[in-house]
Amino acid sequence: MVSFLLITHAPVGAALLQAVAHVFGGTVPRCEAIDVIADESLADIQARACVRIDAMDDGDGVLVLSDLYGASPCNCASRLSQPGRVEVISGVSLPLLIRAINYRTQPLPQLAEQLISSAAQGVVRIASHAPQNQMFRPIPDAQARHQHQQ
């Protein structure tokens, strides 16, 4: 079973794990986060990540998920890639993480490919998908929005 390590800007990883625990009714095994704080060195992040990867990998590999391509957490994660053992994907979201957990019994390379190819399914334009018997009616002006919120 593939393990997951989120390397994200604080507190994104911890928040995603809390949401996943809510969805699945408890903590998901071998699913951890390293929340990177401002000014943390890449060497420190990488050292922490290597320790977690070694502890989590049961032989099926570790999928490292980062939040923002090109940012420090992702740059660190990219250095951890090891074909067949550690795959790295940027752009983690709650739908992507839930899908990853649901399909974690797949081999690591196939899981990574499936997540990348299906990532857009987690993004839906709601107004165009309203049920036929309902209509989307935006509030016409700021004053009406303010009154609606009270």
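In our numbering, the protein residues as written are 1163 to 1312.
Built from N, CA and C at the ideal position, the CB exists for glycine as well.
Asked, Found
"Exposure label - Cys1236; buried when at least 16 CB within 10 Å", "buried"
"Those runs of the alpha helix (DSSP H) which lie wholly inside the stretch 1225-1257 and span at least 4 residues", "1234-1240"
"Supposed contact pair Ala1239 and Val1224 - C-beta distance, whole angstroms, cut 8 Å", "Contact flag wrong, Cβ pair sits at about 11 Å."
"Host alpha helix (DSSP H) of Ala1176 (start-end)", "Val1174 to Phe1186"
"Spatial distance of Gln1276 from Leu1270 (CA atoms)", "10 Å"
"Expected contact under 8 Å - CB spacing of Val1174 and Asp1222 to nearest Å", "Val1174 to Asp1222, Cβ: 25 Å. No contact."
"Where the alpha helix (DSSP H) through Val1213 begins and ends", "Leu1204 to Met1218"
"beta-carbon Gln1276 near the ligand ZN non-hydrogen atom, thresh 7 Å", "Absence of the ligand ZN is noted for the structure shown, with no ligands found whatsoever."
"Segment contact, 8 Å Cβ cut-off, at least three pairs: the stretch 1242-1253 with the stretch 1206-1223", "yes"
"Exposed unless 16 or more other CB atoms sit within 10 angstroms - verdict on Asp1229", "buried"
"Coil, strand or helix - Ile1199 by DSSP", "coil"
"Length of the line joining the Cα atoms of Ala1205 and Ala1233", "14 Å"
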